[in-house]
Amino acid sequence: MSEIVASARQAPESSGRRAQNWWIPRAARSVPLTRHRVQKAMRSWGEPDERVETAALVVTELVTNAVEHTAGRRIRCRLVRTPGRVRICVWNRGRRHAPGLPGPRSPQSANPPAGEPHGAGGPGPVALDGIDGFSLASVAEDGRGLMLVDMLATRWGTRTSVSGRLVWADI
Numbered sequence: 001m002s003e004i005v006a007s008a009r010q011a012p013e014s015s016g017r018r019a020q021n022w023w024i025p026r027a028a029r030s031v032p033l034t035r036h037r038v039q040k041a042m043r044s045w046g047e048p049d050e051r052v053e054t055a056a057l058v059v060t061e062l063v064t065n066a067v068e069h070t071a072g073r074r075i076r077c078r079l080v081r082t083p084g085r086v087r088i089c090v091w092n093r094g095r096r097h098a099p100g101l102p103g104p105r106s107p108q109s110a111n112p113p114a115g116e117p118h119g120a121g122g123p124g125p126v127a128l129d130g131i132d133g134f135s136l137a138s139v140a141e142d143g144r145g146l147m148l149v150d151m152l153a154t155r156w157g158t159r160t161s162v163s164g165r166l167v168w169a170d171i
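Using the UniProt record's numbering, you'd call the opening residue of the sequence shown number 1 and step up by one each time.
Structure (structure tokens):
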């Protein structure tokens, strides 16, 4: 079974995990609705405010990318809570074009092996400007979303199959 399909399945409550799955239309109006749904779910799970707001920003970027860069009519979102982690998954069918993925920001691994997640073991939330000569102003607006995800998530990655693309991030 494909990893994308498996990620879209609901986790059983008895496993100690909590999960929410939902479909949204591929439309700009879906972005704030998804952000609010993630915030509401995480607050109901008792997650700290900092993690809630980080997840809200990450899901905003992932859904915005899916809205802008895919051709399907719907996008599937999944939020999974396990002890010490919340994973955000955004899945879509088909794509018009894929945005370039930024390189990892982890000092442990400047070039991860093919198929490895970006940002694995990354430093967590940090300011963007001034890091290794990086200036947010020097990057086109169209390339900032995944750079923010890379900086905010503890790890993230993508999986592509014939049925679509999954982008996930751990907070």
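Think of the CB as a built atom: it goes at the ideal place given N, C-alpha and C, for glycine as much as any other residue.
Note that the structure is predicted; figures quoted are calculated from it, not measured.
Return helix, strand or coil for residue i, following the three-state DSSP convention.
i: P32; result: helix
i: T160; result: strand
i: A153; result: coil
i: E47; result: coil
Report the partner residues of residue i according to the DSSP bridge assignment.
i: N92; result: I75, R165
i: N65; result: Beta-bridge pairing links N65 to no other residue.
i: P25; result: R74
i: T82; result: R85
i: D170; result: R87, R155
i: A19; result: V80
Here's a check: name, in chain order, each residue in its chain whose Cβ is nearer than 8 Å to the Cβ of residue i, leaving out the five neighbours to either side.
i: R51; result: M42, V86, I171
Counting only the same chain and skipping the five closest in sequence on each side, list residues whose C-beta sits under 6 Å from that of residue i.
i: L62; result: V90, V167
i: A66; result: I75, V90, N92
If you count every other CB in all the chains shown that lies within 10 Å of the CB of residue i, and 16 or more means buried, which is it?
i: V162; result: exposed
i: D49; result: exposed
i: R29; result: exposed
i: R73; result: exposed
Looking only at its own chain, which residues have a Cβ that is under 7 Å from the Cβ of residue i, when we skip the five neighbours before and after it?
i: E47; result: V86
i: L152; result: T54, L57, V58, P125
i: T160; result: none
i: G133; result: With a pLDDT of only 47 at G133, under 50, the local geometry of the prediction cannot be trusted, and no value is derived from it.
i: T60; result: V31, R35
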